[in-house]
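**Q** Have a look at this one before I ask anything.
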Amino acid sequence: MHQRAPIVDSSISALLVIALSCISAGCQSLTAGSASPMKIACTDSTYSVILDGQDLAQFTAPELKGCGLPNVGIREIEDGWQQVRMKWNVPAEIARDELAIQFDLAIEPDFWWAPHLAPEEGYVIGQHVFRSPAMIVQRNSLTFVVVPDLDIVGRRAENPWFMDFDAVHNKMWLGMTRTDTPQHVLFRKAPGMKFTPGTIELSFFVTAYHDKGPVRNPWSRAAGFLWRRWGKPLYAKGEPLPAPLANYVRHTYNWAFDGWGDFVWQEFDIDGVHVGAPQFIVNISQSPNYPGPWYQREFLSIWNQAWFSSLRSASGLWRCASGLKDAELLRKANLTKELALAAPMKEGIFPAVIGCENVRVRVDGKDLRRPRKWEHSFWVNSNRSPHDHGISSQWYHVLDASWTALLMLRWYDELQSDERLLDYARTYADRLLALQDSEGFFPGWLHPETQQPGPVMNHTPESSMSVTFLLKLAELTGKNKYRRAALRAMDAVIAEIIPEGRWEDFETYWSCCRWGREDYLGKKIERNAMHKQNSLAMFWTAEALLAAYRATDDPRYLQWGRRTLDELSMCQQVWQPPFIYVPALGGFGVMNADGEWNDSRETLFAELFLEYYRETGDSNYFERGVAAVKSGFIMMYCPENPTVKKMWEKVYPWFGPEDYGFTMENYGHGGRTSAEGEGMGVFTIYDWGNGAAAEAAMRILDHYGHVYIDRTRGRAFGIDKVQVRRTDHGWELINETGRLRSIRVVFDDGSAEDMQIKDKALVSGSGG
Numbered sequence: 003m004h005q006r007a008p009i010v011d012s013s014i015s016a017l018l019v020i021a022l023s024c025i026s027a028g029c030q031s032l033t034a035g036s037a038s039p040m041k042i043a044c045t046d047s048t049y050s051v052i053l054d055g056q057d058l059a060q061f062t063a064p065e066l067k068g069c070g071l072p073n074v075g076i077r078e079i080e081d082g083w084q085q086v087r088m089k090w091n092v093p094a095e096i097a098r099d100e101l102a103i104q105f106d107l108a109i110e111p112d113f114w115w116a117p118h119l120a121p122e123e124g125y126v127i128g129q130h131v132f133r134s135p136a137m138i139v140q141r142n143s144l145t146f147v148v149v150p151d152l153d154i155v156g157r158r159a160e161n162p163w164f165m166d167f168d169a170v171h172n173k174m175w176l177g178m179t180r181t182d183t184p185q186h187v188l189f190r191k192a193p194g195m196k197f198t199p200g201t202i203e204l205s206f207f208v209t210a211y212h213d214k215g216p217v218r219n220p221w222s223r224a225a226g227f228l229w230r231r232w233g234k235p236l237y238a239k240g241e242p243l244p245a246p247l248a249n250y251v252r253h254t255y256n257w258a259f260d261g262w263g264d265f266v267w268q269e270f271d272i273d274g275v276h277v278g279a280p281q282f283i284v285n286i287s288q289s290p291n292y293p294g295p296w297y298q299r300e301f302l303s304i305w306n307q308a309w310f311s312s313l314r315s316a317s318g319l320w321r322c323a324s325g326l327k328d329a330e331l332l333r334k335a336n337l338t339k340e341l342a343l344a345a346p347m348k349e350g351i352f353p354a355v356i357g358c359e360n361v362r363v364r365v366d367g368k369d370l371r372r373p374r375k376w377e378h379s380f381w382v383n384s385n386r387s388p389h390d391h392g393i394s395s396q397w398y399h400v401l402d403a404s405w406t407a408l409l410m411l412r413w414y415d416e417l418q419s420d421e422r423l424l425d426y427a428r429t430y431a432d433r434l435l436a437l438q439d440s441e442g443f444f445p446g447w448l449h450p451e452t453q454q455p456g457p458v459m460n461h462t463p464e465s466s467m468s469v470t471f472l473l474k475l476a477e478l479t480g481k482n483k484y485r486r487a488a489l490r491a492m493d494a495v496i497a498e499i500i501p502e503g504r505w506e507d508f509e510t511y512w513s514c515c516r517w518g519r520e521d522y523l524g525k526k527i528e529r530n531a532m533h534k535q536n537s538l539a540m541f542w543t544a545e546a547l548l549a550a551y552r553a554t555d556d557p558r559y560l561q562w563g564r565r566t567l568d569e570l571s572m573c574q575q576v577w578q579p580p581f582i583y584v585p586a587l588g589g590f591g592v593m594n595a596d597g598e599w600n601d602s603r604e605t606l607f608a609e610l611f612l613e614y615y616r617e618t619g620d621s622n623y624f625e626r627g628v629a630a631v632k633s634g635f636i637m638m639y640c641p642e643n644p645t646v647k648k649m650w651e652k653v654y655p656w657f658g659p660e661d662y663g664f665t666m667e668n669y670g671h672g673g674r675t676s677a678e679g680e681g682m683g684v685f686t687i688y689d690w691g692n693g694a695a696a697e698a699a700m701r702i703l704d705h706y707g708h709v710y711i712d713r714t715r716g717r718a719f720g721i722d723k724v725q726v727r728r729t730d731h732g733w734e735l736i737n738e739t740g741r742l743r744s745i746r747v748v749f750d751d752g753s754a755e756d757m758q759i760k761d762k763a764l765v766s767g768s769g770g
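For the sequence shown, my numbering begins at 3 and goes up steadily by one.
Dropping the structure here:
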């Protein structure tokens with residue numbers, strides 16, 4: 003495990019920590035004697051970042067009217083990182099729209115990255131999307147990284163931070179300005195900022211190095227630094243959840259099947275088959291405590307789609323019900339499996355959604371939407387589709403089908419050996435092989451009648467989902483044809499998608515953030531030299547690369563997998579900003595043009611980080627994964643989340659115990675938050691909220707336990723409110739709850755031990 007190097011005190015080493023006033027003192031070499039090959043040299047108030055004698059960038063300390071130039075301090079931190087701090091003492095209020103450090107690059111990068119798009123001059127990366135903020139450029143192996151100092155960002159509410167980057171003019175900026183959000187969600191500079199008396203500080207970290215790995219990985223050092231410096235200390239304190247996962251799982255199922263059960267749970271017959279599942283979405287008006295008539299937000303429906311998967315959620319319910327020996331919950335889980343199998347196949351392809359139309363009704367003088375009964379149901383597909391290219395919800399989405407078929411295989415392999423699941427998935431797989439094109443990709447959407455591919459989105463990272471599915475089927479059946487097709491697709495994604503960062507999928511342009519779809523589909527934004535990107539595509543690809551590595555033992559797949567997972571890590575929240583009013587550690591954002599924090603995809607991503615730990619031994623991955631699964635419950639209304647509970651009650655004061663378990667899928671979606679509750683939301687999607695989080699928790703507890711002990715590497719991880727300490731006699735477990743509870747300990751060889759523990763217990767340090 004990486005350990006942060008101690009910060010050297012300036013009184014001990016003036017060579018490493020230099021504080022100088024650029025007003026009264028001349029500049030000098032700021033890192034003389036430093037062990038790092040990167041140097042920062044100064045002439046007047048201009049600073050040069052130099053690596054191995056080559057200038058990489060220059061930056062200038064900006065002058066603040068009435069205060070002059072700042073005091074500048076530079077010190078070496080760890081592993082080649084240096085901190086630059088600029089401070090101004092403001093004696094009286096100053097009006098200034100922007101205070102920023104400009105970085106002029108001395109190299110011509112062939113790679114640019116920042117966490118958000120700033121597509122035109124005047125647009126910036128607002129602090130609202132500083133989840134894991136950095137600006138990264140590379141030319142060949144040469145790498146230059148700037149990271150804002152998250153100990154300072156946002157501390158003065160009236161002076162919000164921003165980043166900006168312009169690949170056309172080879173510049174980057176870090177500073178303060180007010181912003182507005184003219185598009186969903188892009189940030190634009192706004193006038194009217196003032197500095198009140200006191201100390202103003204801009205601080206950042208910088209590193210430069212040669213990326214000499216077998217696969218260029220621009221994010222590895224930045225991601226590791228961000229987690230070690232800010233994420234790990236919060237993780238060590240038990241963030242982001244105060245209670246065991248079982249409490250939140252219990253709230254989820256009580257809410258879905260009892261408190262809100264009349265609306266959430268749906269049970270009906272399809273062609274003589276009895277089926278059931280939670281409906282896709284419910285809103286606050288369907289609370290038993292709502293002081294008015296209820297309405298239907300979207301059409302009554304149940305989905306098996308890449309976001310909203312009733313089969314995925316049901317697998318978690320099945321695990322929980324089996325452990326509790328709860329026959330009714332088990333019945334419900336199996337009814338949802340039956341619904342997935344009931345989707346009608348047409349030449350090997352099947353739909354993703356069953357639903358009923360809404361009708362208008364008059365209630366208490368109001369026109370409200372209410373759904374028709376299930377006997378009027380119809381099969382269709384997701385309406386998050388390229389309708390501007392003629393692709394409607396009637397078209398089949400290959401991504402959704404591959405995801406559902408993969409879940410069927412996992413259910414078959416881990417839960418029940420129901421041969422119907424394997425047969426259904428195999429029938430689909432044989433059709434999928436026929437759809438693969440000459441370059442290895444699988445198509446995006448298929449025409450509802452001809453099953454011919456649509457006009458767009460046929461060479462995308464959505465193919466990665468089919469890779470994982472086909473490799474799983476090859477594992478279960480021993481059929482090499484599935485493996486060959488999967489690896490062809492994986493190699494196509496490596497060649498065409500990953501190096502360009504072309505992380506485009508259905509959500510990128512056909513969900514809530516439509517910006518750019520007319521001009522930039524398949525193209526980079528010129529000013530930023532980046533594509534509009536979505537984190538789901540990164541996840542599917544990192545997962546597929548891990549599966550390809552395990553299927554082949556080819557280290558190339560693991561190397562590309564680590565690169566992709568590190569890129570995904572830069573979408574993860576590693577700190578607790580003062581402008582985010584709910585716990586933040588571990589959650590994920592969605593894309594580089596939207597505003598969500600704590601999005602429900604975090605629980606989908608969580609176990610993949612644990613799996614990469616198993617292959618690499620990088621403990622940061624394991625900790626990130628644990629934080630991610632816990633973050634899925636942050637937005638839940640329940641007594642265990644007192645901060646969030648108060649926020650919900652500010653917005654909906656009529657919430658009560660029957661609402662415990664209500665969970666919004668994200669926070670701060672529109673790019674704004676407030677202490678009064680702005681950004682909290684109005685609905686719960688069970689399969690992309692509490693039900694999905696419960697599934698991830700149950701799966702991870704099955705696979706990794708409350709405690710995971712890696713005897714081979716001599717490491718252990720407390721996952722669920724259990725501390726682990728190594729002793730001369732083995733591993734000591736400390737129960738943080740103080741109450742008697744069942745603990746599952748899983749070891750790296752796959753064995754497990756179940757025990758009852760109230761305070762402490764000892765586990766052997768060796769197998770056997």
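We treat Cβ as the ideally placed atom computed from N, Cα and C, and that holds for glycine.
Specify, as a first and last residue, the run of the alpha helix (DSSP H) that L58 falls within.
**A** Not the alpha helix (DSSP H): L58 falls in the beta strand (DSSP E), residues 56-62.
**Q** Taking the DSSP output, what are the residues bridged to R721?
**A** Looking at the sequence provided, one finds Ile at residue 721 rather than Arg. According to DSSP, I721 bridges with nothing at all.
**Q** Do you know how far the Cα of H461 is from the Cα of P121?
**A** 24 Å
**Q** By the DSSP assignment, the alpha helix (DSSP H) with G627 in it spans what residues?
**A** 621-633
**Q** If you reduce the DSSP assignment to three classes, tell me which class S31 lands in.
**A** Its pLDDT being 38, under 50, S31 is placed unreliably in this model, and the value from its coordinates should be taken loosely. DSSP places S31 in coil when its eight states are reduced to three.
**Q** Which residues does DSSP list as the beta-bridge partners of M276?
**A** Looking at the sequence shown, residue 276 is not Met but His. DSSP output for H276 lists D271 as bridge partner(s).
**Q** For D704, report the span of its alpha helix (DSSP H) as first-last.
**A** 692-706
**Q** Considering just the uninterrupted stretch of the alpha helix (DSSP H) at L489, what are its terminal residues?
**A** Counted as a single uninterrupted DSSP element, the alpha helix (DSSP H) harbouring L489 occupies residues 482-498.
**Q** Taking only the alpha-carbon atoms, compute the straight-line gap between I154 and P216 and give it to the nearest angstrom.
**A** 36 Å
**Q** So A342 and L313 are supposed to be a Cβ contact under 8 Å. How far apart are they, rounded?
**A** In this structure A342 is in contact with L313, their Cβ atoms being roughly 5 Å apart against a cut-off of 8 Å.
**Q** In chain order, what residues of the same chain lie with their CB nearer than 8 Å to the CB of W305, ignoring the 5 residues before and after it?
**A** F282, S311, S312, A354, V355, S384, D689
**Q** Please give me, in chain order, every unbroken run of the beta strand (DSSP E) with length at least 3 that falls completely inside the segment 348-435.
**A** 355-358, 360-365, 368-373, 380-382
**Q** Given this structure, state the Cα-to-Cα distance separating L236 from A630, to the nearest angstrom.
**A** 13 Å
**Q** Got a sec? Which residues, its chain only, sit under 7 Å from A323 by beta carbon, not counting five neighbours each side?
**A** L331, L332, A335
**Q** How big is the Cα-Cα spacing for Q418 and N594?
**A** 40 Å
**Q** With a CB to CB cut of under 7 Å and the five nearest residues on each side skipped, what residues in its chain are close to S744?
**A** Within the same chain, and ignoring the five residues on either side of S744 in sequence, the residues whose Cβ sits closer than 7 Å to its Cβ are D756, Q758.
**Q** Apply the 10 Å Cβ neighbour rule to D273 and answer buried if 16 or more other Cβ atoms are within range, or exposed otherwise.
**A** exposed
**Q** What does DSSP give as the partner residues of M467 in its beta bridges?
**A** Its beta-bridge partners do not exist; DSSP assigns none.
**Q** Could you tell me whether the segment 567-582 touches the segment 506-518, where touching means 3 or more Cβ pairs closer than 8 Å?
**A** no
**Q** Do you know how far the Cα of Y430 is from the Cα of S395?
**A** The alpha-carbon atoms of S395 and Y430 are separated by roughly 20 Å.
**Q** Can you name the residues that DSSP bridges to I582?
**A** The partner list for I582 (beta bridge, DSSP) is empty, contrary to what the question assumes.
**Q** In the DSSP assignment, the beta strand (DSSP E) including F207 goes from what residue to what residue?
**A** 200-212
**Q** CA-CA distance, Q574 and F541?
**A** 12 Å
**Q** How should A97 be labelled, buried or exposed, when 16 other C-beta atoms within 10 angstroms of its C-beta is the threshold for buried?
**A** exposed
**Q** Starting from V251, follow the beta strand (DSSP E) in both directions and report where the run begins and ends.
**A** Element bounds for V251: not the beta strand (DSSP E) but the alpha helix (DSSP H), 247-256.
**Q** From D493 to A238, what does the alpha carbon distance come to, in whole angstroms?
**A** In a straight line, the C-alpha of D493 is about 39 Å away from that of A238.
**Q** Throw me the rounded Cβ distance for the R701 and R321 pair, which I believe falls under 8 Å.
**A** 7 Å
**Q** Throw me the rounded Cβ distance for the N737 and Y669 pair, which I believe falls under 8 Å.
**A** The pair is not a contact, with the Cβ atoms about 31 Å apart (cut-off 8 Å).
**Q** DSSP puts I103 in a beta bridge; with which residues?
**A** L176
**Q** Measure the CB-CB distance between P242 and P585 and report whether it falls below 7 Å.
**A** yes
**Q** Run through DSSP, which three-state label would I25 get?
**A** Any answer about I25 is weak, because its pLDDT of 35 lies below 50 and its placement is not dependable; what the coordinates show is given next. It is coil, neither helix nor strand.
**Q** Straight-line CA distance for I636 to T665?
**A** 8 Å
**Q** Name the two residues that bound the continuous beta strand (DSSP E) containing A43.
**A** Taken as a continuous stretch (DSSP letters only), the beta strand (DSSP E) holding A43 covers 40-45.
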